[in-house]
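Structure record follows, encoded as structure tokens.
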Amino acid sequence: METIRQTQKKYASIAIFVAITAGLVLILAGLRPFGKGFILGTLFSIINFILIGETIPMKIGSTKKKSVWISLGSIYFRYIILAVPLFLAIKMEDFNLIAVVAGIFSVQLIILVDNLFIQSKQR
Amino acid sequence: MILDIQTWVHVAAFVGAGLSIGLGATGAAVGEGYTAAKANFAISRKPEMAGDIFKTMLVGQAVAESASIFALVIAMILLFTEFSADSCIIIPVLLASGLCMGFGAIGSGIGAGYPAGAACEGMARQPAMSGRLTTNMLIGSAVCQTTSIYALVTSLILIYLDFSVRPLSPTWAAVMGAGFASGIGAIGSGIGEGLVAESACAGIARQPSTAAPVTNMMLLGQAVTETTAIYGLLVSFIMMFKVFPASDSIASSMALLGAGLCMGIGALGPGIGEGITARGAVKWIARNESSSASTIRVMLVGQAVSESTGIYALVISLVLIFVI
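Same order as they appear, the protein sequences are chains A and B.
Start counting the first sequence at 1; every next residue gets the next number (my numbering).
Start counting the second sequence at 124; every next residue gets the next number (my numbering).
As structure tokens, this is what we get:
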């Protein structure tokens, strides 16, 4: 489990750094709803990523059928959480919907950039 | 109970949202479950690699579920946006949008689970290649997501394009057809691309020296596998952007609905079939790199033949749209 924690810590800290930096730049550039939306989306993206890691031990040691059911339950639970920033963005003008959606995918984008461009060059 | 247009708009939005996230999450769950099942096998084979296998599973699952997050975004837009009830056309538009995204996320979710599972398994077989396996898995999974992006684009166009100025009949059938063509059409390719990426991860683990040609072959195989999803997108774009003249006849509406269904269902088989063909090619290149030229030739011919049924569906769809 330590490796999972390390991975979560690594990507979550990069995501927070990117969100705060990009958010501040956008806010200073006068695009306040975009900046706030991106930070909000990224925060929930990190929560989702941490929750994926927390459900992994439940899936391991299960049969294929049970793994699928645990995955389905886990997905629906996490999506209720991911729905919160989307709901806020749709209902409140303080948060831009596109920026929130971009923020929700920030952890995935960081994983791709890290593995495809940074780590592959190091190898 | 009063059933005015506004009520039906709400009903369509709620049903569309349910279909979007309900169908969309199913694909990701199957993919994630498959990955976890393979991780079980890998850990039992090499318990000392459990940490790395967990890590790969975590990263793989995070990327694999992107398609279902698209479905969540569409569901939330449908649930919480106030849509105008000026015209009845918004009712099929909202339904089509949800259906399109829901179906479109199934293939990508299932497909992206295959390379993640194979990467976990490969790590147990070839621990030294874990970095390369993760990279290949992520490339393969990312390509799998493109078909769901087509469905996302179609859903967003359906939601935000103004159809209210067009005649209700046959536009209702055109928008539903567009949703079916792009959504169902994305399933086969998403699964097929996953099969190719799975084979590439397994091949790299089996024969690390072939990593570069195997990855290239994977990308070529996935590119061809994706073409039927592009046909679906093409047909849906034609149906969304072409303005059809008003018609009281049910025949013209049924022709457009049929065109969408024809292309969507017609793309299912070729998408999976081409993926199976490319999976075989990638597998054998990993085992015998010297036969690459012949293997690529056979793969492309096999995929072309498999694709022909998708082309028949495309032709019939175009006939239904432009001739009938």
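By construction, the Cβ of each residue, glycine as well, lies at the ideal position given by its N, Cα and C atoms.
May I have the straight-line CA-CA distance separating residue i from residue j, to the nearest angstrom?
i	j	result
G302 of chain B	T130 of chain B	22 Å
Y237 of chain B	M341 of chain B	13 Å
G240 of chain B	F286 of chain B	43 Å
Q345 of chain B	L28 of chain A	42 Å
S417 of chain B	S271 of chain B	32 Å
R317 of chain B	G37 of chain A	Checking the sequence, you will find Gly at residue 317 of chain B rather than Arg. Going from the Cα of G317 of chain B to the Cα of G37 of chain A covers about 33 Å.
A89 of chain A	L201 of chain B	13 Å
A242 of chain B	M199 of chain B	33 Å
G254 of chain B	T338 of chain B	14 Å
A140 of chain B	I16 of chain A	30 Å
G398 of chain B	A320 of chain B	9 Å
A247 of chain B	N163 of chain B	11 Å
S305 of chain B	D209 of chain B	27 Å
A436 of chain B	A390 of chain B	7 Å
S71 of chain A	L142 of chain B	19 Å
K65 of chain A	S167 of chain B	18 Å
I47 of chain A	P250 of chain B	30 Å
G433 of chain B	R32 of chain A	47 Å
M58 of chain A	V421 of chain B	43 Å
I75 of chain A	V138 of chain B	20 Å
G73 of chain A	K9 of chain A	24 Å
P368 of chain B	P293 of chain B	8 Å
How would you call residue i, buried or exposed, if buried means at least 16 neighbouring beta carbons within 10 angstroms?
i	result
S372 of chain B	exposed
K91 of chain A	exposed
N115 of chain A	buried
V107 of chain A	buried
F117 of chain A	exposed
K406 of chain B	buried
G387 of chain B	buried
Three-state secondary structure (DSSP) at residue i?
i	result
P368 of chain B	coil
E349 of chain B	coil
L31 of chain A	coil
A208 of chain B	coil
N48 of chain A	helix
E188 of chain B	coil
S440 of chain B	helix
P290 of chain B	coil
N96 of chain A	coil
K169 of chain B	coil
V446 of chain B	coil
N411 of chain B	coil
D285 of chain B	coil
P303 of chain B	Looking at the sequence itself, residue 303 of chain B is Phe, so the reference to Pro does not match. Helix.
G87 of chain A	At residue 87 of chain A the sequence reads Phe, which differs from the Gly that was named. F87 of chain A falls in the helix class under three-state DSSP.
T63 of chain A	coil
D175 of chain B	helix
F105 of chain A	coil
Q330 of chain B	coil
D114 of chain A	helix
Q8 of chain A	helix
Q249 of chain B	coil
Do residue i and residue j have their C-beta atoms closer together than 8 Å?
i	j	result
V298 of chain B	V216 of chain B	yes
C385 of chain B	I314 of chain B	no
F364 of chain B	I56 of chain A	no
A323 of chain B	N259 of chain B	yes
V100 of chain A	G41 of chain A	yes
A382 of chain B	V358 of chain B	yes
I444 of chain B	M377 of chain B	no
A328 of chain B	G232 of chain B	no
G392 of chain B	T348 of chain B	no
L146 of chain B	F226 of chain B	yes
A235 of chain B	A274 of chain B	no
E430 of chain B	T333 of chain B	no
G154 of chain B	A194 of chain B	no
Can you tell me which of the options puts its alpha carbon nearest to the alpha carbon of residue i?
i	options	result
T400 of chain B	B:L441, B:A436, B:L343, B:L380	B:L343
A185 of chain B	A:S45, A:D114, A:G41, A:D94	A:S45
Y283 of chain B	B:T432, B:A219, B:S429, B:A165	B:A219
A265 of chain B	A:L109, A:L31, A:I52, A:Q119	A:L109
Q268 of chain B	A:I70, A:L112, A:G73	A:L112
Y157 of chain B	B:G145, B:L181, B:I128	B:L181
T204 of chain B	B:P331, B:G308, B:A136, B:A296	B:A136
L356 of chain B	B:V421, B:E316, B:L441, B:S415	B:L441
S312 of chain B	B:I447, B:V446, B:T350	B:T350
I108 of chain B	A:I118, A:R78, A:A102, A:L97	Any answer about residue 108 of chain B is impossible in this case: the structure gives chain B only from 124 up to 447.
A148 of chain B	B:M252, B:I213, B:A190	B:A190
I50 of chain A	A:K65, A:R5, A:G73	A:R5
G230 of chain B	B:S375, B:A151, B:A320, B:S370	B:A151
P290 of chain B	B:I212, B:L275, B:L379	B:I212
G308 of chain B	B:V276, B:I353, B:A296, B:I280	B:I353
R402 of chain B	B:S207, B:L423, B:T277	B:L423
V84 of chain A	A:T3, A:I104, A:T21, A:A12	A:I104
Compute the minimum distance between the beta carbon of residue i and the heavy atoms of the ligand HEM, and state whether it is under 7 Å.
i	result
A148 of chain B	With respect to the ligand HEM, the structure offers nothing, as it holds no ligand at all.
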